[in-house]
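Scroll down for the structure; my scribbles are underneath it.
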Amino acid sequence: MPISFYQARQQILDTVPTLAIETVPLLEATRRAIAEDVIADQPLPAFNNSAMDGYAVRVEDCVIGATLPVVGYLPAGETSTDSVKPGTVVKIMTGAPIPPGADAVIPFENCKAEQDQITIQQTVKKGDHIRWIGEDIRPGDRIIPAGTLLRPAEVSLLASFRQSSIPVHLRVRVAILATGDELQEIDEPHFSRGIVNSNSWALAAAVREIGATPLVLGIARDNLSSLHEKIKEGLQADVLMTSAGVSAGDRDLVRKVLEEFGTKEIFWKIKIKPGHPTAFGMHNNTPVFSLPGNPVSTLLTFEEFVRPALLKMMGHHTVLRTLHRATLSEPIKKKAGRLQILRVAIQINQEGKMMVRSAGDQNTGILRTLVDAQGIALLAAERDFFAAGEQIDIHLLGASTALGY
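For the sequence shown, this note's numbering begins at 966 and goes up steadily by one.
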């Protein structure tokens, strides 16, 4: 019995395990999910320091028109125990600690400097251009929650706290198996009516894009012996992902072989288009995804079901794409009964509204439409018509920023 799109995704996320933790050097943790909360053990900044190149001053001395002598120089990386005495200033560089007695910094450009003195030209307020101790982070703050994807900003913060090695979840190893007698590898001599095994390349790229490790097993032919050999190898990985061989044809043997290996099928068939014959099961602790063989269906079912599962296994707390409200610039018709995964082109109009339309022919044999799409719309199963001007939910594909104006 086919299940709904949302039931399928929830069953997958409820079932897949989270992988173990390893500690890696900071730079190797980039684009991975941190496995433990990071708690600050010191303040940031660690001391009061200057936010600008300028002069450390006492606000009470800074009357407009006053002339004050420069009695010292304090570069970044040095400290001074000498106080800024009444009626004097100290030249200071960005990042240098604020000397005792000073309670503001005047940037070079905000005063007139002549020889060894400055003339105050603007009102100065207490705290101007000072970065106070702990104003960013205080000891005990949770600075990065477990499950956070480590981007350059998080790496900078971790480095600021001298975290040179980071606990992260293991990269999930995904065995990728294409099936079919009609397939040939990309570097094999072309034969009549042969189809290049593009699915393995596409899925390997999609796996690598999210920081997981693809293990490409090649092609299993449409016979029990070949499928047994390849599936046995694939079940040694953290995840096995097959393409084709899960419909109801005479040569669709993948489900049969998986059952012979003791794989527990969680579901087969989802009420979606494309991707209806998608199956999911567990072999001991190894999730098994059996995706359709059509390249468009393969990539779309990976995007909506496998990608979130792999991210969860690698400890990410955000595994689903952010949904955006967008306005249809043209009407869309579909058959009721299945949720449609619609490839859409996105434009931002002059009012700043996100406008979407079909990216092209939605036939599952048209890969160009997926190449041209910047996003995916999930059109409700029970509906058959969406009017121009109607708002729908979409999510972006990949790191798409190619939105037309």
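A virtual CB, placed ideally from N, CA and C, is assigned to each residue, including glycine.
Since I believe Val-1120 is in contact with Thr-1178 (beta carbons under 8 Å), could you give me their beta-carbon distance rounded to a whole number of angstroms?
Not confirmed; about 21 Å, so no contact.
Kindly give me the distance between the Cβ atoms of Arg-1023 and Asp-1068, rounded to whole angstroms, as I take these residues to be in contact under 8 Å.
Between Arg-1023 and Asp-1068 a beta carbon distance of about 6 Å is seen, short of the 8 Å cut, so the two are scored as contacting.
Name the one or two DSSP bridge partners that Cys-1027 has.
Looking at the DSSP assignment, Cys-1027 forms no beta bridge with any residue, so it has no partner.
Are the CB atoms of Lys-1298 and Asp-1337 within a distance shorter than 8 Å?
no
Is the number of C-beta pairs between the stretch 1007-1016 and the stretch 1049-1063 that are closer than 8 Å three or more?
yes
So, for Ile-968: in the same chain, excluding its five sequence neighbours on each side, which residues have a beta-carbon less than 8 Å away from its beta-carbon?
Gln-976, Phe-1232, Lys-1234, Ile-1235, Lys-1236
Using 8 Å as the threshold, is the C-beta distance between Ser-1208 and Pro-1239 below it?
Going by C-beta atoms, Ser-1208 is not nearer than 8 Å to Pro-1239.
In the structure shown, what three-state DSSP assignment does Asp-1358 receive?
strand
By DSSP, does Leu-1189 sit in helix, in strand, or in coil?
DSSP places Leu-1189 in helix when its eight states are reduced to three.
Roughly how many angstroms separate the alpha carbons of Glu-1241 and Ala-1342, rounded to a whole number?
The amino acid at residue 1241 is misidentified as Glu; the sequence shows His. Going by the C-alpha atoms only, they are around 17 Å apart.
Look up Trp-1097 in the DSSP assignment and say whether it is helix, strand or coil.
coil
Measuring alpha carbon to alpha carbon, tell me which of Pro-1252, Leu-1256, Asn-1250, Thr-1251 ends up nearest Thr-1243.
Leu-1256
Run through DSSP, which three-state label would Met-1017 get?
Shown here, Met-1017 sits in coil according to DSSP, grouped into three states, outside any helix or strand.
Determine the direct distance from the alpha carbon of Pro-1064 to that of Pro-1104, and round the result to whole angstroms.
23 Å
If Arg-1308 sits next to Leu-1335, beta carbons under 8 Å apart, how far is it from one beta carbon to the other, in whole angstroms?
5 Å
Can you find the residues in the same chain that come closer than 6 Å, C-beta to C-beta, to Tyr-1038, ignoring five residues on each side of it along the sequence?
Lys-1056
Locate the beta strand (DSSP E) running through Ala-1000, then write down its first and last residues.
Taken as a continuous stretch (DSSP letters only), Ala-1000 belongs to no beta strand (DSSP E), as it is neither H nor E.
Is the stretch 1273-1284 in contact with the stretch 992-1001, if contact means three or more CB pairs nearer than 8 Å?
yes
For Val-1003, which residues in the same chain have their Cβ closer than 6 Å to its Cβ, ignoring the five residues on either side in sequence?
Ile-1108, Ile-1109
Helix, strand or coil for Ala-1244 per DSSP?
strand
In the structure shown, what three-state DSSP assignment does Ala-1310 receive?
Judged by DSSP in its simplified three-state form, Ala-1310 adopts strand.
From Ala-1041, Pro-1040, Asp-1026, pick the residue whose C-alpha is nearest to that of Pro-1034; which is it?
Asp-1026
Is the Cβ-Cβ distance between Leu-991 and Ser-1125 less than 8 Å?
no
From this set, Pro-1051, Gln-1339, Met-1206, which residue's C-alpha is nearest Ala-1310's C-alpha?
Gln-1339
Do Leu-1265 and Val-1204 have their C-beta atoms within less than 8 Å of each other?
No, the pair does not count as a contact, with Cβ atoms beyond the cut-off.
Run through the stretch 1160-1242 for me and flag every whole alpha helix (DSSP H) of 4 or more residues, listed as ranges in chain order.
1163-1174, 1189-1199, 1219-1225
Indicate the three-state DSSP secondary structure (helix, strand or coil) for Gln-975 in the structure shown.
helix
Within its chain, find whatever has a CB closer than 6 Å to the CB of Thr-1084; leave out the 5 residues flanking it on each side and keep chain order.
Thr-1032, Lys-1077
If we ignore side chains and look at the alpha-carbon of each, how far apart do Gly-1099 and Val-989 end up?
Taking the straight line from one Cα to the other gives about 28 Å.
Just the Cα atoms here: how many angstroms apart are Leu-1189 and Tyr-971?
So the alpha carbons of these two residues sit roughly 33 Å apart.
Tell me which residue opens and which closes the beta strand (DSSP E) that Leu-1033 is part of.
In the DSSP annotation of this structure, the continuous segment of the beta strand (DSSP E) that includes Leu-1033 starts and ends at 1032-1039.
Starting from Val-1336, follow the alpha helix (DSSP H) in both directions and report where the run begins and ends.
1332-1337
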